[in-house]
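*Asks:* Take the sequence shown: its position 56, counting from 1, is numbered 56 in the UniProt record's numbering, and each next residue is one higher. Just so it is clear, CB atoms sit at the ideal spot from N, CA and C, and this is done for glycine as well. Below you'll find the structure I mean.
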Amino acid sequence: MYRATTKGVQVTVTPRFAPERSDPERSQYFWAYTIEIINLGVDTVQLKSRHWVITDALGRVQEVRGAGVVGEQPVLPPGGHFEYTSGVPLPTSTGIMEGRYSLETTTGETFEAEVPAFSLDVPGEARTLN
1 MYRATTKGVQ
11 VTVTPRFAPE
21 RSDPERSQYF
31 WAYTIEIINL
41 GVDTVQLKSR
51 HWVITDALGR
61 VQEVRGAGVV
71 GEQPVLPPGG
81 HFEYTSGVPL
91 PTSTGIMEGR
101 YSLETTTGET
111 FEAEVPAFSL
121 DVPGEARTLN
């Protein structure tokens, strides 16, 4: 589990290797990750967009940007939380993923909440990043 808090918004990530969706003989590896976002602050916030940076074991970087998460732009009142599960494919058996969410308060203030870097590893394999 990985966790970061920015301006009262706590983001927790729990990645899991998905062998049922992977095919190592074809260099296809897949991870599911569950993210929980909790608003520990005093202002209501809305998640507007995401930005991911995904790096495989060979140092190849892929960036993903888009509106919301899993087709939603959740609104989180103080104490509110939102949880979702998504996934990421890689051509290598290890990698790392990190990112940020752009959020907006009801007063129009925007800020970026950190999604902590989390490792993508096949259980039982040595981790190597070039």
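#1: For Thr34, which residues from the same chain have a beta carbon less than 6 Å from its beta carbon, with the 5 sequence-adjacent residues on both sides left out?
#2: Under 7 Å Cβ to Cβ from Asp56, same chain only, skipping five residues before and after it: list those, please.
#3: Is Pro19 near Val42, with beta carbons less than 8 Å apart?
#4: Buried or exposed for Val61, going by 16 or more other Cβ atoms inside 10 Å?
#5: Just how far apart, CA to CA, sit Gln46 and Ser119?
#6: Exposed or buried, Ala113, counting other C-beta atoms within 10 Å across all chains shown (16 or more means buried)?
#7: Taking all protein chains shown into account, do 16 or more other C-beta atoms lie within 10 angstroms of the C-beta of Arg50, making it buried, or fewer, making it exposed?
*Replies:* Considering the structure as presented:
#1: Thr14 and Thr85
#2: Leu90, Pro91, Thr92 and Gly95
#3: no
#4: exposed
#5: 27 Å
#6: buried
#7: buried
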